[in-house]
Amino acid sequence: MTGQFSPAFRDELAALMRWRRDVRRFRTDPVPEDLLARCLQAFALAPSVGLCEPWRVLRIDTTAARTACLNNFRACNARALDGFDGDRAASYSRLKLTGMAEAPLHLAIFSDDA
2 MTGQFSPAFR
12 DELAALMRWR
22 RDVRRFRTDP
32 VPEDLLARCL
42 QAFALAPSVG
52 LCEPWRVLRI
62 DTTAARTACL
72 NNFRACNARA
82 LDGFDGDRAA
92 SYSRLKLTGM
102 AEAPLHLAIF
112 SDDA
């Protein structure tokens, strides 16, 4: 793709970003394999210097692995909550920070340090 993005495209992209910014409830029905494949193909289009693609995507399928991921999140979240006091702690504890228990699919994204 070359040239400038049209004003209409830029407006639609900005609207999409505003809409997506604060989604708190997600669907729980299974993600169709063809949709997942299209999403992963789009993910692969992300820019990387020299096409090094310094990331790895891992699909978390087993109940044991999903539970371990959720437990890890809960432990990290509890440590984060310990960093707040009073009203800030109360506000933080009311936030919905994960939908992992309800999500039909987990993907873990890893980045190379190099």
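For the sequence shown, my numbering begins at 2 and goes up steadily by one. Don't be surprised by glycine CBs; every beta carbon is placed ideally from N, CA and C. These numbers were taken from a predicted model, which means no experiment stands behind them.
Whole-number beta carbon distance between R60 and L108, since they are thought to touch under 8 Å: Beta-carbon to beta-carbon, L108 and R60 are separated by about 6 Å, close enough to satisfy the 8 Å threshold.
Counting only runs of 4+ residues fully inside the stretch 15-65, write out the alpha helix (DSSP H) ranges in chain order. You should have 34-44.
Can you pull the DSSP bridge partners for A69? Paired residues: none, contrary to the question.
Same chain only: Cβ atoms within 7 Å of I110, ignoring 5 sequence neighbours per side: Closer than 7 Å at the Cβ level, and outside the excluded window around I110, lie W56, V58.
What are the boundary residues of the beta strand (DSSP E) that M102 is part of? A quick correction: the sequence has Ala, not Met, at residue 102. Per DSSP, A102 lies in no beta strand (DSSP E) and is assigned neither H nor E.
Rounded C-beta distance between L82 and S92? I'm assuming under 8 Å. The beta-carbon separation of L82 and S92, rounded to 11 Å, does not stay under the 8 Å limit for a contact.
So, with DSSP's three-state summary, where would you put F10? Three-state result, F10: helix.
Reference G100; option with closest CA among C70, T63, F6: For G100, the nearest C-alpha among the options comes from C70.
Less than 7 Å separating the beta-carbons of P105 and V32? Result yes, Cβ atoms of P105 and V32 sit closer than 7 Å.
Might you give, ordered along the chain, the residues of its own chain that have their beta carbon closer than 7 Å to the beta carbon of A102, omitting 5 neighbours on each side? Contacts found: L71.
Rounded to whole angstroms, what is the Cα-Cα separation between C53 and D62? So the two alpha carbons sit approximately 27 Å from each other.
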